[in-house]
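Visitor:
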Amino acid sequence: MIIQEFFINICIVIALVFMYLQVRWTKLLPAVSKQNSQWIDGVAGGLLGILLMYFSIQVTEQTIIDLRHLPVMLLLLYIGIRPALLSAVIIASGRLLYGVNLSSMAAVILMIFLFIGYMWLYRKLHHRESPLKSSFQMLLWSNIVFSIVISLVIRDWGTLQFLIPIYWLISFIGGMLASYLVHYLRRSHYLFKTYEEQSSVDYLTGLYNVREFDRLWNHSVRNAVEKEEALTLLAIDIDFFKRVNDTYGHAAGDEVLRQLGSTLNEVTRSFDIVSRNGGEEFTVILLDCSNEAGRAKAESIRRTVEHQEFLLPDGEKIFITVSIGVSTYPDHVSTAKGLLEKADESLYEAKHSGRNKVISA
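Add 25 to the 1-based position in the sequence shown for my numbering, that's all there is to it.
1) Looking at the structure shown, is ARG301 part of a helix, part of a strand, or coil, going by DSSP?
2) Please tell me whether LEU157 and TYR205 are closer than 8 Å, where the distance is taken between their beta carbons.
3) Does GLY350 come out as helix, strand or coil in the three-state DSSP assignment?
4) So which of SER348, ILE310, LEU337 and LEU312 has the shortest CA-CA distance to ARG327?
5) Taking the alpha carbon of ILE15 as the point to measure from, which residue in ASN243, ALA249 and LEU289 has its own alpha carbon closest?
6) Out of ALA375, LEU337, ARG320 and VAL84, which one is the CA nearest neighbour of LEU185?
7) On the CB-based measure, 16 or more other CB atoms within 10 Å of its CB, does GLN411 come out buried or exposed?
8) Report the partner residues of PHE335 according to the DSSP bridge assignment.
9) Are the CB atoms of LEU164 and SER112 within a distance shorter than 8 Å?
10) Contact between the segment 72–92 and the segment 113–133: three or more CB pairs below 8 Å?
11) Using three-state DSSP, classify VAL309 as helix, strand or coil.
12) Would you list, in sequence order, the uninterrupted alpha helix (DSSP H) runs of no fewer than 4 residues that lie entirely inside the segment 74–128?
13) Using DSSP with H/G/I as helix, E/B as strand and the rest coil, what is ALA318?
14) Is the separation between the beta-carbon of SER167 and that of MET201 shorter than 8 Å?
15) Taking SER225 as the reference, which of VAL133, ILE298, LEU150 and ASP339 has the closest Cα?
16) Let me confirm a value: PHE307 is counted as buried when at least 16 other C-beta atoms fall within 10 Å, else exposed. Which label applies?
17) Just the C-alpha distance for LYS367 and TYR273, rounded to the nearest angstrom, thanks.
18) Thinking just about the alpha-carbon of each residue, which of GLN284, ASN316, LEU312 and SER295 is nearest to the one in ARG301?
19) May I ask which residues mark the beginning and end of the beta strand (DSSP E) holding VAL383?
20) Between the segment 332–348 and the segment 242–255, do at least 3 Cβ pairs fall closer than 8 Å?
21) Tell me the DSSP bridge mates of ILE261?
22) Checking 8 Å against the spacing of the C-beta atoms, do ASP66 and LEU122 come in under that value?
23) Quick one, are the C-beta atoms of GLN60 and GLY105 less than 8 Å apart?
24) Which residue or residues does DSSP assign as beta-bridge partners of TYR233?
25) LEU164 lies in the alpha helix (DSSP H); which residues open and close that run?
What follows is the structure, encoded as structure tokens:
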């Protein structure tokens with residue numbers, strides 16, 4: 026019977042931790058600040074501890090045991106000190122709701138000593154051991170403190186010699202399973218976000234790549250049509266870039282591309298969309314921007330690049346220029362395809378009429 030009830034505790038921890046992490050990563054973190062999310066994490070951990078007490082094992086009339094320490098341990102290991110402390114306070118306070126007696130006071134003292142031990146182990150092991158090794162040592166501390174406190178409260182050797190080994194076994198199994206689950210999910214989430222970012226970002230410049238440009242471009246056009254806003258596209262190409270590669274090497278060419286990407290990010294607005302579309306070709310989507318303002322921005326980019334020193338890997342400094350084609354919806358065209366074609370036509374004209382120019386459709 027005791028093993029069955031402990032198994033229920035483990036299932037509750039595993040299931041709710043899994044569900045909460047999915048909600049945290051997809052809904053919570055994008056919507057609230059890091060500080061507020063930690064408060065929510067602490068409350069969630071505290072509520073999980075109280076739920077575990079609801080499904081606790083009744084050892085005596087006043088004494089219940091469960092795995093309420095696991096949310097505190099997981100929060101401290103994987104999220105931070107503040108949410109772990111908040112959850113510990115909520116769990117300790119929640120235990121008093123079941124009645125103020127010797128067992129409840131012992132439970133509060135148990136939680137205090139557990140948290141102190143967790144903190145000491147966290148500071149000692151956090152930067153030296155993996156979370157799973159730290160989990161094992163925190164569970165060892167939990168079981169030792171629990172054994173001492175429960176022995177002082179029950180004082181029945183016949184009960185204790187059966188209860189304590191079972192508690193140690195289930196606590197280790199449940200704690201390590203929960204810790205492994207969080208560790209695995211965090212790593213999977215990190216890899217997913219990394220691959221997602223790499224699939225949309227140009228590895229060299231950190232700008233959006235052509236695939237992400239297409240997606241954002243279609244969205245920007247739909248948004249401009251729906252809101253009846255102007256949309257301007259800048260098509261940018263480095264003049265005589267092949268000479269840079271041939272004269273200074275491809276490493277120097279890559280460095281020029283990186284620095285130009287940084288420059289484009291600096292001179293455009295934070296909500297404009299800057300992409301590297303391949304080779305030495307770049308685009309800038311200027312949201313809610315008239316043709317006049319777009320031409321002015323293009324000219325500002327051209328002048329900035331013309332007067333910028335580009336530092337090569339060997340320490341040499343060179344200057345480059347860019348040609349820019351400009352097209353605007355709805356001034357010039359009524360479709361996305363037409364806007365791209367007009368920007369390319371304008372860029373072609375700029376390249377073949379002397380370069381280092383801005384030409385508007």
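We treat Cβ as the ideally placed atom computed from N, Cα and C, and that holds for glycine.
Here the structure is a predicted model, which means the values were calculated and not measured.
Guide: Taking the structure as given:
1) The residue labelled residue 301 in the question sits at position 276 within the sequence shown. Correct three-state label for ARG301: strand.
2) Reading the sequence shown from its first residue, position 132 is the one you call residue 157. Reading the sequence shown from its first residue, position 180 is the one you call residue 205. Yes.
3) Reading the sequence shown from its first residue, position 325 is the one you call residue 350. GLY350: strand per DSSP, three-state reduction.
4) Counting from one through the sequence shown, the residue named residue 327 turns up at place 302. The residue with the shortest Cα to Cα distance from ARG327 is SER348.
5) Residue 15 lies beyond the residue range present for the chain, which begins at 26 and ends at 386; the question has no answer from this structure.
6) The residue labelled residue 185 in the question sits at position 160 within the sequence shown. Per the Cα distances, VAL84.
7) Any question about residue 411 goes unanswered here, given that the chain covers just 26 to 386.
8) Position 310 of the sequence shown, counted from the start, is the residue given in the question as residue 335. PHE335 is bridged to ILE343.
9) Translated into positions along the sequence shown, residue 112 becomes position 87. Translated into positions along the sequence shown, residue 164 becomes position 139. Contact flag unset, no.
10) Taking 8 Å as the limit for Cβ pairs, the verdict is that the segment 113–133 does touch the segment 72–92.
11) For the purposes of this step, residue 309 is identified with residue 284 of the sequence shown, where counting begins at 1. DSSP places VAL309 in strand when its eight states are reduced to three.
12) 94–103 and 106–121
13) As a working mapping, residue 318 is identified with position 293 in the sequence shown. Note: ALA318 maps to helix in three-state DSSP.
14) Position 142 of the sequence shown, counting from 1, holds the residue named residue 167. Position 176 of the sequence shown, counting from 1, holds the residue named residue 201. Against a cut-off of 8 Å, the Cβ pair of MET201 and SER167 comes out as no contact.
15) Sequence index remark: in the sequence shown, residue 225 carries index 200 (1-based). Ranking VAL133, ILE298, LEU150 and ASP339 by Cα distance to SER225 puts ILE298 first.
16) In the sequence shown, the residue the question calls residue 307 occupies position 282. Classification of PHE307: buried, given that the 10 Å Cβ count is 16 or more.
17) If you number the sequence shown from 1, residue 367 lands on position 342. If you number the sequence shown from 1, residue 273 lands on position 248. Cα to Cα, the separation comes out at about 33 Å.
18) Taking the sequence shown and counting its residues from 1, one reaches residue 301 at position 276. If you compare the alpha carbons of GLN284, ASN316, LEU312 and SER295 with that of ARG301, the shortest gap goes to GLN284.
19) Mapped onto the sequence shown, residue 383 falls at position 358. Note, VAL383: beta strand (DSSP E), 383–385.
20) no
21) Start at 1 with the first residue of the sequence shown, and residue 261 comes out as number 236. DSSP lists PHE307 and ILE349 as partners of ILE261.
22) By one-based count along the sequence shown, residue 66 stands at place 41. By one-based count along the sequence shown, residue 122 stands at place 97. Not closer than 8 Å, so no.
23) Working through the sequence shown from its first residue, we reach residue 60 at position 35. Working through the sequence shown from its first residue, we reach residue 105 at position 80. No.
24) The residue you call residue 233 lines up with position 208 of the sequence shown. Answer is VAL226 and SER300, bridged to TYR233.
25) Counting from one through the sequence shown, the residue named residue 164 turns up at place 139. Counting along the chain, the unbroken alpha helix (DSSP H) around LEU164 starts and ends at 156–179.
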